[in-house]
Every structure is written in C-alpha cells, then in structure tokens.
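Order-wise, the sequence lines are chains A and B.
Mind the numbering: the first sequence is residues 31 to 385 in our numbering, read in order.
Mind the numbering: the second sequence is residues -3 to 254 in our numbering, read in order.
To start, the structure under review is shown below, and the notes come after it.
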Amino acid sequence: MEKELRLMKGNEAIAEAAIRAGADGYFGYPITPQSEILEYLMEANPQATTGMVVLQAESEVAAINMVYGGAACGKKVMTSSSSPGISLKQEGITYIAGAELPCLIVNVVRGGPGLGTIQPAQSDYFQATKGGGHGDYHLIVLAPASVQEMADFVELGFDLAFKYRNPAMILSDGAIGQMMEKVWLKPQKKRSEEILPWATTGKPATRERNIITSLDLDPERQERFNLKLIAKYREMEEKEVRFEEFMTEDAEYLFVAYGTSARLCQKALQLARAEGIKAGLLRPVTLFPFPKKRLNELADRVKGMLAVEMSAGQMVEDVMLSVNGKTRVSHYGRMGGMIPTPEEVVENLKSFIKG
Amino acid sequence: MADITFNDIIKPENLTYKKSKLMTDNVMHYCPGCGHGTAHNVLAEVLEEEGLQERTVGITPVGCSVLMYNYIDVDFQEAAHGRAPALATAVKRLMPDKFVFTYQGDGDLAAIGTAETIHTCNRGENILMLFINNGIYGMTGGQMAPTTLPGMKSSTSPYGRDVSMMGSPIKMADIVAMLPGTCYVTRQSVNTAAGVRKLKKALKKAVQYQNENRGTCFIEVVSNCPSGWKMTPVESNKWMEENMFPFYPLGDIKVPAE
C-alpha cells in the first residue's frame, strides 16, 4: 500500500494505521464509541495480507492479557477500548508495565463514572497519566487532536513503547474517534522479523531462558526495580515531552488544553483576541511525560492559566504542579459527554481575568 | 536386608526415575509430598524427549506453581491470576510454530479464570492446558477452592463445604470436554508410578495433537495438598484416592478420532 489520502473516522484511521505500521496483533472487545476499530480490522482481514493477527476476545480482561502474552514475545501488539473497558484492562496494564513490555493501548474516552455515557469526555486523565492500576508506574500517554494524529500516533506510540519497553496509550475521546477528517496514511511497513533478546520465543542453546514476570519476592530487589522504572520515567521527561503552542509569544493568558478541548480552545483563542484579550494556548501532546518545564517557563510571563478539559478538573492539577504557584491557575470543564463551546470558554476566561 | 546401605541404594543401576535434564538445580519451594514437583518433572521429561526446549513457551499461573519458571529450563511468561490461557492464545496465534502450554491450579483455572478457560477451549486454541486440581488454595493458606469436595474443611469452609451455600465442586474437565474446540481431555494423577507413566503418555499425546493443530488439549492432574489438607503426605494420598478419585474419576474424557 502506498501513501494515500482518505476521508476516515478517527477510529478507522487507528485501525488502518495499525495495519500499515506493521503491527503483529490486535486483541479487542466491542464497546461504544470505539467498536469501529475492531470492525474495521475484521473487515480488512490483515492476516491474509500482512499476517497481522486480529482477535475478538471474550472480555477486555482477556484482550489485555492477550496483549501481555504477545508483547512478551516481542511482538508489536495492541488493544483498544473505551473508559469502562479500560478500567477492566487495568490489571493487565500494570502487569505489562511491571514486566517492562511494549504495547499500545487506545482509550476512546466516554463520560463516567460507572457505565456513564457514550458521549465524549476527558475524564480518564488521572487513570491514564498516574498509572491506572496498582503499583508505581506510568504509561507513555499521547493525546491526538485530529484524525491525522489518531493515525500518526499509532506508529509513534509503538516506537516509544519499544524504545522504553513500556506500555503506551493513545488517550482520545468519542469526538475524535467518531468524527471524519481527511488523513494521510503512510505506506505499508513490513512486519518486523527481528527476535528481541529478552522475548520469550523458545530457548535456544545459545542463551539462558527468558522469563517475563512482574514478580519479585525480595523487597530489596523489588525496590531496585522500582528505582529503575523511575529512572526510565525521568528519561522520558527529559527526551519525549511533546506539545504545541499557539500565539504564546505575547500571550497574557494561557489556555492549557489537549485533544478535543485544544481544538475548541483554538477557536476560543481567536474570539478572545478579537475582543482584545491576549490569549494563547499550550496543547500538551504527551500527557505523560507532561510539558512541566515549558509551562513553568510560560508562568514567568503570563498573568494566568486556564485549563480547559471535558472533566471535573484533572489535568489542571498537573498545570498547578508545573507552575508551582508562580501564576494563577484555574479550570473550566464540562462533563458527562457535554462539549464546551468556544463562546462559553471565552466567557469563562473573562471571569477568570476579573478574578 | 539390614546390610543394605544408602550408597547401595543410590547406585546408577538402581536409578529408575531421575530428574529430567530440563529440570534446573534450583531448590523447590513445594511442601514435602506435594504433587507439583512430580508433575513438573514429568512435563520436563516430555519436553526433553520430544526435543521441544527451543520452541516451548510456558505460561505460569498465580498460586503454588507461580515460581515454576525457576524449575524448568524453557522460556516462561508469568500471567496474572486466571489469565494464562489468554496469554497462551496470543503466543500461539502470533507464533504458531511454538509449543505452548499453560499450567494452572484450581483457583486459577476454575474460579477467577473460568471465562478464559472456557473461551480458550471454545476457540480451540492449539495449546496444552495443564490443570493441577488439589481442591484447595494452597499458596494463600488452604482456603476453599471451586473444586473443594462437599463437606471438605478448609480455612474458608471451616465447618465443611456446604453445597447449599457454597455451590458444588465444579468439574472443569467435563465442562471443557463438551466444547467442540477441545481435542483431547483427560484426567490423570501422579500419586503412583503407574499414574506418572500414564500422565507422561497423555502429555506425549498432547504434544502430538498440538503439532497436528488439532485443538485444545486439556489435562487435569488430580493431586494432593498435604499442607492445605493438614495431613501427612501418605495420609493425603490415601485421602485423595478415597475421596477425590470417586468424585474426579481418572481416565480419558474425550479423545480425538484417530
């Protein structure tokens, strides 16, 4: 397959990009609003072309554990789900993080808690960026704001996951998953035939047996392992922070928003500027590692930051930690599947400016 | 007879059963008299004799055999409680030329992992599922398992398993035998030399069927738990023969057409 321009839903773009990125396997379970990923892959039937395995599991729990098994073989494997399903996957995700395995997990977020709604939300930020399951760990978290990025972040997610031997997550939402936009798809990559030295692929006489586990009953060794993980996360914070800035050069007030909220903040920014408010926007592309350093720098020259999220206020805590009291920080959010309008964001910015 | 010494007994010509070359020298953590060690050795012998070391991936459970990877010299993945068949599914689908087995206890396979067990067998994944059934949670200290016999005492059924409140023991081998995806389902034991030989035969069949892509092979080993049952090894074997075997009869439950 050559480079190609197509009109696609965000979910479909993820599925097609996975095939083209040379993924070895996808394991999923249907849940709205992301079932198109599994449906698209089943219809595309990549097993017959690239050899990519696609399997509908009996549950999200089974699906993430299939990912665990595949990742332990050094294969490029992924799963996708939406909020309630991602909660079910947390056990598997913490084992994968604990066993230091690369994989890609897609969360097309819907409103919660509980069964919640099937409409878009950003209320899984804490779960995605602070670990999600038990134990001290982090995922690499990428936040796409377009269908193009849904496609691009599949390969980026896999690359980062393998670079750090750490699970990566695409944290999207029902709006980006369902909306259609044009998207440039990359040419088909061949699936890798490389046998990774740590992978469980059968023990040849030339090496010791490989054991993939997250268990260590010796507390001293377990703590050394925890320290190793922390060092890995610090390295990500040094090297992998990605963000985008809009009109920050002369900004007096800064929106901080990701994904769908960042798109509507771009419009809110124009509306605010038209009213003479010098607004800017910082869009974190990686939610972990978070652009702490850049926000701290910007805090020296803005009068305040407004975190706009489709949640009760989650990312705003990371903004506050980043600026560490240097400037005022507030939050504006809608919940339950409601998407704020640019106009209401500007109104909220105005009342924030008034103090 | 009284003149026979220890050194007379351990002469090579007297050695009928020995440790497989695939068994490591690590000291086993299993309690004296437990069936796990024997089951491990039989499996290791089969892997060795069939020349499978280079293409075997084993999946260990959570439970007494969680550290199985310390004892058999093949590549291993350590699953979460109940999830071994899901890992094995992916391993086999992604690398169909490998020999893939899971090794699980009763809590793992028949309680928390029931869905994975049923659906892996139902899809007919080309793997071997080894199921050690001793009717108790050994590692956590002797709690009631899904396979605990009616009336049997455990730390969470201290007055005996009351089936009206706690349900009846579940016969997983019989259940999975009903699914079209399973190719070979058998129930064996390791309490006698004859039992060990039969289990070895069963394992060799499972290797053959997996090589022929014939579907899921499910081998249950009815075993003892001296510590969990609060018995000596000899007592526990006697109790197993008198109580477990009538409820979980040994023998083939499903065999493929030759």
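From the three backbone atoms N, C-alpha and C, an ideal C-beta is built for every residue, glycine too.
Can you give me the Cβ contacts of residue i inside the same chain, cut-off strictly under 6 Å, excluding the 5 residues immediately before and after it?
i, result
"A/Glu130", "Arg195"
"B/Ser153", "Met140"
"B/Leu175", "Cys117 and Asn118"
"A/Leu118", "Glu90 and Val91"
"A/Glu267", "Pro319"
"B/Gly134", "Cys60, Cys221 and Gly224"
"A/Met345", "Tyr155, Ala337 and Glu339"
"A/Thr124", "Gly163, His164 and Gly165"
"B/Leu11", "none"
"A/Glu275", "Leu312"
How is the alpha helix (DSSP H) around residue i delimited, first residue to last?
i, result
"A/Met266", "Pro249 to Lys269"
"B/Arg193", "Ala189 to Asn207"
"B/His36", "His32 to Glu45"
"A/Val375", "Pro372 to Lys384"
"A/Tyr155", "Tyr155 to Thr159"
"A/Ile67", "Ser65 to Ala74"
For residue i, report the span of its beta strand (DSSP E) as first-last.
i, result
"B/Ser232", "Careful: B/Ser232 lies outside any beta strand (DSSP E), inside the alpha helix (DSSP H) at Pro229 to Trp235."
"A/Glu274", "Phe273 to Phe276"
"A/Pro197", "Pro197 to Asp203"
"B/Val96", "Phe95 to Gly101"
"B/Met174", "Counting along the chain, B/Met174 falls outside any beta strand (DSSP E), and DSSP gives it neither H nor E."
"A/Gln86", "Val83 to Gln86"
"A/Thr109", "Val107 to Ser111"
"A/Lys39", "Glu34 to Lys39"
"A/Val332", "Run containing A/Val332: none; DSSP gives neither H nor E here."
"A/Tyr283", "Tyr283 to Val286"
"B/Gln73", "Asp71 to Glu74"
"A/Gly58", "Gly55 to Gly58"
"B/Val23", "No beta strand (DSSP E) contains B/Val23, which DSSP labels as neither H nor E."
Tell me whether residue i sits in a helix, a strand or coil according to DSSP, three-state version.
i, result
"A/Cys133", "strand"
"A/Lys212", "strand"
"A/Ala309", "strand"
"B/Cys117", "helix"
"B/Phe214", "strand"
"B/Val58", "coil"
"B/Asn122", "coil"
"A/Thr316", "strand"
"A/Pro150", "strand"
"A/Leu294", "helix"
"A/Lys119", "helix"
"B/Ile6", "coil"
"B/Ser223", "helix"
"A/Ser360", "strand"
"A/Leu186", "helix"
"B/Lys302", "Nothing about residue 302 of chain B can be reported from this structure: the residues present for chain B run from -3 to 254 only."
"A/Asn240", "coil"
"A/Gln300", "helix"
"B/Tyr180", "strand"
Apart from the five residues on each side of it in sequence, which residues of its chain come closer than 7 Å, Cβ to Cβ, to residue i?
i, result
"A/Thr141", "Checking the displayed sequence, the identity of residue 141 of chain A turns out to be Gly instead of Thr. Cβ neighbours of A/Gly141 beyond the five flanking positions: Thr147, Gln149, Ala151, Ser153, Met365, Gly366 and Gly367."
"B/Trp235", "Trp225 and Met227"
"B/Leu83", "Ile55, Gln73 and Ala75"
"B/Asn233", "Asn187 and Asn220"
"B/Lys201", "Tyr180"
"A/Leu35", "Lys212 and Trp214"
"B/Val42", "Lys196, Leu199, Lys200 and Val203"
"A/Lys219", "Arg50, Ala51 and Gly52"
Next on the checklist: Taking beta-carbon pairs under 7 Å, can you tell me which members of the stretch 92 to 121 of chain B lie near chain A?
Outcome noted: Lys94, Ala111, Glu112 and His115
Checklist entry - Between the stretch 167 to 177 of chain A and the stretch 86 to 98 of chain A, do at least 3 Cβ pairs fall closer than 8 Å? => result no
Next on the checklist: Along the stretch 234 to 245 of chain A, where does the CB come closer than 9 Å to a CB of chain B? Name the residues.
Outcome noted: Pro234, Ala235, Glu238, Arg239, Asn240, Ile241, Ile242, Thr243, Ser244 and Leu245
Checklist entry - With contact counted as at least three CB pairs below 8 Å, one residue from each stretch, are the stretch 126 to 135 of chain B and the stretch 99 to 116 of chain B in contact? => result yes
Item to check | the stretch 57 to 71 of chain B / the stretch 249 to 263 of chain A touching (three or more Cβ pairs under 8 Å) | outcome: no
Checklist entry - What are the residues of the stretch 88 to 109 of chain A that lie near chain B, defined by any Cβ-Cβ distance shorter than 9 Å? => result Glu88, Ser89, Val91, Ala92, Ala93, Ile94, Asn95, Met96, Val97, Tyr98, Gly99, Gly100, Ala101, Ala102, Cys103, Lys105 and Val107
Item to check | Three or more C-beta pairs below 8 Å linking the stretch 62 to 76 of chain A and the stretch 97 to 107 of chain A | outcome: no
Checklist entry - For the stretch 49 to 63 of chain A, which residues have a beta carbon sitting closer than 7 Å to at least one beta carbon of chain B? => result Asp54, Gly55 and Phe57
Item to check | Residues in the stretch 110 to 127 of chain A having any Cβ partner in chain B nearer than 8 Å | outcome: Glu121, Gly122 and Tyr125
Checklist entry - Any chance the stretch 209 to 220 of chain A sits against the stretch 347 to 356 of chain A, with 3 or more Cβ pairs inside 8 Å? => result no
Checklist entry - Do three or more CB pairs link the stretch 37 to 55 of chain A to the stretch 176 to 186 of chain A at distances below 8 Å? => result yes
Checklist entry - Does the stretch 225 to 243 of chain A come close enough to the stretch 304 to 322 of chain A that 3 or more CB-CB pairs lie under 8 Å? => result no
Next on the checklist: Taking beta-carbon pairs under 9 Å, can you tell me which members of the stretch 212 to 237 of chain A lie near chain B?
Outcome noted: Ala229, Thr230, Thr231, Gly232, Lys233, Pro234 and Ala235
Checklist entry - Which residues, in chain order, does the stretch 8 to 38 of chain B contribute to contact with chain A at a C-beta distance below 8 Å? => result none
Checklist entry - Are there three or more Cβ pairs, one per stretch, closer than 8 Å when the stretch 254 to 261 of chain A is compared with the stretch 272 to 289 of chain A? => result no
Item to check | Positions along the stretch 62 to 88 of chain A whose CB lies within less than 8 Å of some CB in chain B | outcome: Val83, Leu85, Ala87 and Glu88
Item to check | Contact set between the stretch 38 to 57 of chain B and chain A, restricted to residues whose Cβ is under 9 Å from the partner | outcome: Leu48, Gln49, Glu50, Arg51, Thr52, Val53, Gly54, Ile55 and Thr56
Item to check | Near-chain A residues of the stretch 197 to 222 of chain B - C-beta to any C-beta below 9 Å | outcome: none
Item to check | Residues from the stretch 165 to 182 of chain B in contact with chain A, defined by Cβ distance under 8 Å | outcome: none
Item to check | Positions along the stretch 79 to 92 of chain B whose CB lies within less than 7 Å of some CB in chain A | outcome: Arg79, Ala82, Leu83, Ala84, Thr85, Ala86, Val87, Arg89, Leu90 and Met91
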